[in-house]
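Visitor: This is the structure, below, for whatever I ask next.
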Amino acid sequence: MSRHSTASQATPSQATARRAGPLSGTARVPGDKSISHRSILLGGLAAGETRVTGLLEGEDVMRTGDAMRAMGARVDKIGDEWIVRGVGNGCLLEAAEPLDFGNAGTGSRLTMGLVGTYHMKTTFTGDASLSRRPMGRVLDPLRLMGVQVLDAAPGDRMPLTLEGPRIAAPISYRVPMASAQVKSAVLLAGLNTPGVTTVIEPVMTRDHTELMLKGFGAEIEVETDAEGVRHIRLQGQGTLSGRTIQVPGDPSSAAFPLVAALIVPGSDVTIENVLMNRTRTGLIDTLLEMGASIELLDRRDAGGEEVADLRVRSSELKGVTVPPERAPFMIDEYPVLAVAACFAEGETRMDGLEELRVKESDRLAAAARGLEANGADCEEGKDTLVVRGRPGGKGLGGGMVETYLDHRIAMSFLVMGLAAEKPVTIDDSAMIATSFPEFLDMMAGLGAEID
1 MSRHSTASQA TPSQATARRA GPLSGTARVP GDKSISHRSI LLGGLAAGET RVTGLLEGED
61 VMRTGDAMRA MGARVDKIGD EWIVRGVGNG CLLEAAEPLD FGNAGTGSRL TMGLVGTYHM
121 KTTFTGDASL SRRPMGRVLD PLRLMGVQVL DAAPGDRMPL TLEGPRIAAP ISYRVPMASA
181 QVKSAVLLAG LNTPGVTTVI EPVMTRDHTE LMLKGFGAEI EVETDAEGVR HIRLQGQGTL
241 SGRTIQVPGD PSSAAFPLVA ALIVPGSDVT IENVLMNRTR TGLIDTLLEM GASIELLDRR
301 DAGGEEVADL RVRSSELKGV TVPPERAPFM IDEYPVLAVA ACFAEGETRM DGLEELRVKE
361 SDRLAAAARG LEANGADCEE GKDTLVVRGR PGGKGLGGGM VETYLDHRIA MSFLVMGLAA
421 EKPVTIDDSA MIATSFPEFL DMMAGLGAEI D
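Oh and the sequence shown: position 226 is 226 in full-length UniProt numbering, straight run, nothing missing.
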C-alpha cells in the first residue's frame, strides 16, 4: 500500500466491447470489497496480528490501508497474505496528514465512524467523484455522539475535518435509510465510546460489520423484534483481538461475468468462491426469477460466511418486477441488471432505487443515459427504472457511454457490448481498477472481445 495515483485521475482510456463467440471457462473474482475494507479497519484496530488472504487489492481498499497505517497500524503484504498489526482498541494515533480516500466511499465513511470518537483531529479528502458525495448521513449520528465537524465543503462534503470529544456519548440511533455504511459507522464509533451504542435498523442491510465485530471479540448482540426491526447493541471500549480471515469472492464483481454468460449465446461459465451471504444475493434471486440458468455448486463455509461456485449458462430471460425491499441486497448490481433486462423478453421494472442517486455517480441517471445511448427502450423515474428488452440484442449498441468516473457503470456497459448487435464503447476504463483490477484480463480469458 504505497502512495499511488488515483485511478480516476489517470488519463481516460476508452474501451470497446463487441460480439464474439460464446464465453466459456472458469473465473475467480476479487475478494469481497465490503469484507476487505472491514478486515483492514478492524485488523488495524485490534490488538495483535490479523492475517488476511484473498484481500481485494483494488485502489479503494489500498486507501483504507493507507489510512490505518497513518494512524499507527502496520499493514504489509507477505507472499499471498496481508499481515495487519493493530494498535489496540482505543489507541489510534492522530494522523499527521489528511487521509486521502481517492474514490473510496465505503472506506471513508467507515473510517469517519472509527476515528470520530477519538479526541483528535482528522481530515478526510478524496477525488472529484468522492468530493461530490454527501457525508451528512454518517456525520449526523456522529454529531449526536459529540463529534464536531470543524470544517467541511458545503453540504457536509469533503474535504472535511472531524474532532472527537474527550469522552464520546453512546447513542441509540434509528437508521433513517437502508444503509450498511451508516449502520457500520455508528457501530465503529461505538467501539471507543463508554456504555452501549445501539443501532436500530428497520430494513436489514449487509451484515458484515456485525459478523466481523463478533469475530474480533466485540460484545455485540442482534435482536429482531416482531416487526422485523433489528436492534444491534455494542458494548464500547472492549478488547478486540487479531484473527485470520479468508475473504470470499465479491458477489458485486461476480455480477459482471455472470450477466455476460447469461446474455452471450452458447456461454457456459463457472465463477468460483463467491460470497453467498443472504444480504448480498438479490441479483442472483432476481436473475433466477427471470429464468436464468445459475447452479450453486459446493456450498461451503469460509470463516463464518457461506460461499459457493456458480455455474452460469446462457439463458432466455423474461422481464420481472424487482420489489423495492430487495434493493438493499443488490444496490450495486442494478446497472448490470438493467443491461441483462435489455436482452430479456418483455418489461423489467426496478423500484426503490433512490440510494443509487448517491453512489460513485448518480448511478440511476448514468445507467439510463448509457442505455439510451445504445438504443435501449428505458424510462427513468425518481426512484425507478423500467427497461423493455429485445431478445437477441437486436438494434442495441453502437453508442458511447459516459461513465462519470463510476467503475460499475463502466463494467456494466462493456458487458452489454458483448451481446449487443453493435459494439459498445465507454469513455474511460481507468477507474475499473478501484474495485476490479483484473476485470479486462479475466473477461478476455473467458473469450470476451474488449479492446
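All C-beta atoms, glycine included, are put in the ideal place defined by N, C-alpha and C.
All of these numbers come straight from a predicted model, not from anything done at the bench.
1) At which residue ranges does the stretch 305-355 contain complete alpha helix (DSSP H) runs of 4 or more residues, listed in the order of the chain?
2) Where Val182 and Ala20 are concerned, what is the direct C-alpha to C-alpha distance, given to the nearest angstrom?
3) What does DSSP give as the partner residue(s) for Ala153 in the beta ladder?
4) So for Ser241, helix, strand or coil by DSSP?
5) Quick one: Cα of Arg85 to Cα of Leu364, how far?
6) On the three-pair Cβ rule with 8 angstroms, is the stretch 367-378 touching the stretch 332-346?
7) I need the straight-line Cα distance from Arg132 to Asp298, nearest angstrom please.
8) In the DSSP assignment, the alpha helix (DSSP H) including Phe256 goes from what residue to what residue?
9) Please say whether Val175 and Pro154 have beta carbons closer to each other than 9 angstroms?
10) From the DSSP output, in three-state form, read off Glu295 for me.
11) Please state whether DSSP places Glu59 in a helix, a strand or coil.
12) Taking Asp100 as the reference, give the member of Leu258, Gly126 and Thr205 with the closest Cα.
13) Can you list, in chain order, the residues of its chain whose CB lies under 7 angstroms from that of Phe216, leaving out five sequence neighbours each side?
14) If you check the beta carbons only, do Gly249 and Gly397 fall under 9 angstroms apart?
15) May I have the straight-line CA-CA distance separating Ser5 from Gly65, to the nearest angstrom?
16) Can you give the Cα-Cα distance for Ile432 and Glu379, rounded to whole angstroms?
17) Would you call the stretch 140-154 and the stretch 220-234 touching, i.e. three or more CB-CB distances under 8 angstroms?
18) How should Lys382 be labelled, buried or exposed, when 16 other C-beta atoms within 10 angstroms of its C-beta is the threshold for buried?
19) Within 10 angstroms of its Cβ, does Ser412 collect 16 or more other Cβ (buried), or is it exposed?
20) Kindly indicate which residue of Ala95, Ile409, Tyr118 and Gly146 has the alpha-carbon position closest to the one of Phe124.
21) Hey, Glu223 and His231 are a contact pair by Cβ (cut 8 angstroms); roughly how many whole angstroms apart?
22) For Val75, name the three-state secondary structure that DSSP assigns.
Guide: So, to answer that:
1) Those alpha helix (DSSP H) runs which fall completely within the stretch 305-355 and span 4+ residues are 334-342.
2) Working through the sequence shown from its first residue, we reach residue 182 at position 182. Working through the sequence shown from its first residue, we reach residue 20 at position 20. Computed Cα separation, rounded: 43 angstroms.
3) Numbered from its first residue, the sequence shown carries residue 153 at position 153. According to DSSP, Ala153 bridges with Arg157.
4) Position 241 of the sequence shown holds residue 241. Ser241 falls in the strand class under three-state DSSP.
5) Here residue 85 is taken as the residue at index 85 of the sequence shown, counted from 1. Here residue 364 is taken as the residue at index 364 of the sequence shown, counted from 1. Going from the Cα of Arg85 to the Cα of Leu364 covers about 40 angstroms.
6) Contact between the stretch 367-378 and the stretch 332-346 is present, because at least three Cβ pairs lie under 8 angstroms.
7) Residue numbering aside, residue 132 sits at position 132 when the sequence shown is read from its first letter. Residue numbering aside, residue 298 sits at position 298 when the sequence shown is read from its first letter. Their backbone Cα atoms lie some 42 angstroms apart in a straight line.
8) As a first step, residue 256 is located in the sequence shown; it is residue number 256 there, counting from the start. It spans Pro251 to Ile263 - the alpha helix (DSSP H) in which Phe256 sits, taken as one unbroken run.
9) Working through the sequence shown from its first residue, we reach residue 154 at position 154. Working through the sequence shown from its first residue, we reach residue 175 at position 175. The answer is no: Cβ separation not under 9 angstroms.
10) Here residue 295 is taken as the residue at index 295 of the sequence shown, counted from 1. Note: Glu295 maps to strand in three-state DSSP.
11) For the purposes of this step, residue 59 is identified with residue 59 of the sequence shown, where counting begins at 1. Glu59 carries a helical assignment under DSSP once its states are collapsed to helix, strand and coil.
12) The residue labelled residue 100 in the question sits at position 100 within the sequence shown. The shortest Cα separation from Asp100 among Leu258, Gly126 and Thr205 belongs to Gly126.
13) Against the sequence shown, residue 216 aligns to sequence position 216. Cβ neighbours of Phe216 beyond the five flanking positions: Leu42, Ala46, Leu240, Ser241 and Arg243.
14) Position 249 of the sequence shown, counted from the first residue, corresponds to residue 249. Position 397 of the sequence shown, counted from the first residue, corresponds to residue 397. No.
15) Sequence index remark: in the sequence shown, residue 5 carries index 5 (1-based). Sequence index remark: in the sequence shown, residue 65 carries index 65 (1-based). Its pLDDT being 38, under 50, Ser5 is placed unreliably by the model, and the measurement read from it follows with that caveat. If you take the alpha carbons of Ser5 and Gly65, they lie about 15 angstroms apart.
16) The residue you call residue 432 lines up with position 432 of the sequence shown. The residue you call residue 379 lines up with position 379 of the sequence shown. Cα to Cα, the separation comes out at about 26 angstroms.
17) The stretch 140-154, when compared against the stretch 220-234, does not touch it at the 8 angstroms Cβ threshold.
18) Against the sequence shown, residue 382 aligns to sequence position 382. Result: exposed.
19) Within the sequence shown, numbered from 1, the residue matching residue 412 stands at position 412. Label assigned to Ser412: buried.
20) Within the sequence shown, numbered from 1, the residue matching residue 124 stands at position 124. Measuring from the Cα of Phe124, the nearest candidate turns out to be Ala95.
21) Here residue 223 refers to the residue found at position 223 of the sequence shown. Here residue 231 refers to the residue found at position 231 of the sequence shown. With a Cβ gap of about 5 angstroms, Glu223 and His231 count as contacting.
22) As a working note, residue 75 is residue 75 in the sequence shown. Three-state result, Val75: strand.
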